[in-house]
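Residue 18 is where the sequence shown starts when you use this note's numbering, and the numbers rise one by one after that.
Reading through the structure tokens given below for one structure.
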Amino acid sequence: MRKVELRMNEQNKYEIIKKLVDTNGNKKRAATKLGCTVRTINRLIIKYKEQGKKGFVHGNRGRLPASTVPLDIKNKIISLYINDFSDANFTHF
Numbered sequence: 018m019r020k021v022e023l024r025m026n027e028q029n030k031y032e033i034i035k036k037l038v039d040t041n042g043n044k045k046r047a048a049t050k051l052g053c054t055v056r057t058i059n060r061l062i063i064k065y066k067e068q069g070k071k072g073f074v075h076g077n078r079g080r081l082p083a084s085t086v087p088l089d090i091k092n093k094i095i096s097l098y099i100n101d102f103s104d105a106n107f108t109h110f
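This is the structure we're talking about:
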């Protein structure tokens with residue numbers, strides 16, 4: 018099993034929810050600490066019980082945006098600008 022590393026805000030959520038579940042604490046206080054609602058706390062508790070620490074990792078972590086320009090196209094544009102269109106400015110390029 019891989020070790021799950023959380024970012025600071027994810028780690029904070031994890032620790033608060035873990036303490037809440039372990040000690041059967043107050044959901045309203047946990048909601049105040051995290052700046053969210055009791056309903057969100059209930060969702061986080063369910064996520065903690067089902068997935069553990071892994072459930073607090075953001076779902077888009079590690080994915081590239083859909084609008085990312087591939088590196089080979091970037092290099093082609095740079096080489097075109099340097100070699101063929103060096104006398105043009107960025108407005109006309």
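Where is the CB? At the ideal position from N, CA and C, for every residue including glycine.
Model, not experiment: these values are computed from the prediction.
Reduced DSSP secondary structure (H/G/I, E/B, other) of residue i
i   : result
D39 : helix
E22 : coil
L61 : helix
G76 : coil
G69 : helix
N29 : helix
Pair within 8 Å by beta-carbon distance, residue i and residue j
i   : j   : result
Y31 : L23 : yes
K70 : V21 : yes
I62 : I34 : yes
T54 : A48 : yes
S76 : K64 : The identity of residue 76 in the sequence shown is Gly, whereas the question assumes Ser. Cβ atoms of G76 and K64: not closer than 8 Å.
E27 : V86 : no
Residue i, enclosing alpha helix (DSSP H) - first and last residue
i   : result
A47 : K44 to L51
Ranges of the alpha helix (DSSP H) found wholly within the stretch 78–102, counting only runs of at least 4 = 88–100
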